[in-house]
Amino acid sequence: MSVPCPREERGADRSLENLLLRRFLGALRPHQAGESRAASSGGADAERQAPEAPELVSQVSDRGRPVARLTGTEYGALVEQAPIMIWRADGSAACDYFNERWLEFTGRTLEQELGDGWAEGVHPEDRHRCLSIYREAFERREVFEMEYRLRRHDGDYCWVFDRGVPLFAPADQFVGYVGSCVDVTERVVGRELIRRAAEQDLQSLRGLLTICSHCKKIRDGMGQWQRLESYLAGHSRADFSHGICPHCLEEHFPEC
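Residue 229 is where the sequence shown starts when you use the working numbering, and the numbers rise one by one after that.
Dropping the structure here:
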């Protein structure tokens with residue numbers, strides 16, 4: 229499942245929330261070959277300090293509210309301790325960062341997830357669609373949203389909602405993407421249960437229905453004759469409105 233977002237949405241995405249997230253991720257340098265996970269993923273302890281980032285100007289809010297200045301270490305701690313999964317990719321679409329929440333969820337190391345490694349955890353039935361949406365968004369420099377199944381550390385697949393937004397340097401130069409994922413398994417499962425219940429309601433209408441050739445009432449399974457709308461109301465979730473067909477209009481209301 230995916231929700232494409234138009235190019236015009238870029239301006240709207242530079243809201244306070246997205247600007248802060250981008251600043252947070254800007255404090256984390258890309259993983260370099262040979263670096264340890266502790267050195268590259270910017271944790272909160274003394275050995276996992278993120279490099280300092282440029283100070284955030286005090287007036288970036290589109291609502292006129294000032295924003296506190298944070299150090300690079302504070303940026304890194306916020307990203308690492310965030311309750312959502314966060315990732316970052318460079319301009320070539322290769323992922324170069326995943327926060328601790330992502331790694332805990334997948335049970336994989338940072339080295340395993342880098343580049344396109346993260347896609348190994350996507351359900352085989354969702355992988356092609358997921359990568360297509362991801363790569364097409366990069367080509368168009370557009371916001372993307374999608375749902376797919378991601379393998380959890382215990383081997384089960386969970387539905388996640390993934391949203392990615394393009395990153396731009398001060399001169400409006402495209403430098404990559406930053407994104408976040410949240411577990412939406414309960415929502416997706418609930419939606420599927422509702423769909424199946426509706427399907428079962430419709431299936432109950434299948435089979436041979438006895439309809440009176442004169443009054444058009446329907447005989448139910450108990451032998452009772454019901455008006456069409458009463459019968460359907462008890463066997464589906466449809467709502468009804470009444471109208472009049474051209475034939476009946478001419479026959480019963482010739483003056484109209």
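Beta carbons are placed, not taken as given, at the ideal position from N, Cα and C, and that holds for glycine.
Host alpha helix (DSSP H) of residue i (start-end)
i	result
S408	Not the alpha helix (DSSP H): S408 falls in the beta strand (DSSP E), residues 402–411.
L338	338–341
E479	474–480
Run of the beta strand (DSSP E) containing residue i, from where it starts to where it stops
i	result
C386	385–396
Opposing strand residues paired with residue i [DSSP bridges]
i	result
W453	R447
R424	Per DSSP, none; premise fails for R424.
R379	Y385
R316	Y325, V406
V350	L378
V361	Correcting the residue type first, residue 361 is Ile in the shown sequence and not Val. According to DSSP, I361 bridges with nothing at all.
T438	R447
Proximity winner among the options, relative to residue i (alpha-carbon distances)
i	options	result
A317	F333, R363, G383	R363
E341	C473, M313, S360, D354	M313
D400	R369, R329, D382, A310	R369
V410	D382, S320, G319, N327	N327
C358	E308, W387, R423, R336	W387
Y325	A305, E332, G319, L338	L338
A365	L306, C443, G319	G319
R336	L378, L306, H356	L378
T438	I472, H480, V416, Q454	Q454
For the region 391–403 against the region 362–382, do three or more pairs of beta-carbon atoms, one drawn from each stretch, fall closer than 8 Å, so that the two count as touching? These segments touch.
With a cut-off of 8 Å, do at least 3 Cβ pairs link the region 445–454 to the region 346–353? no
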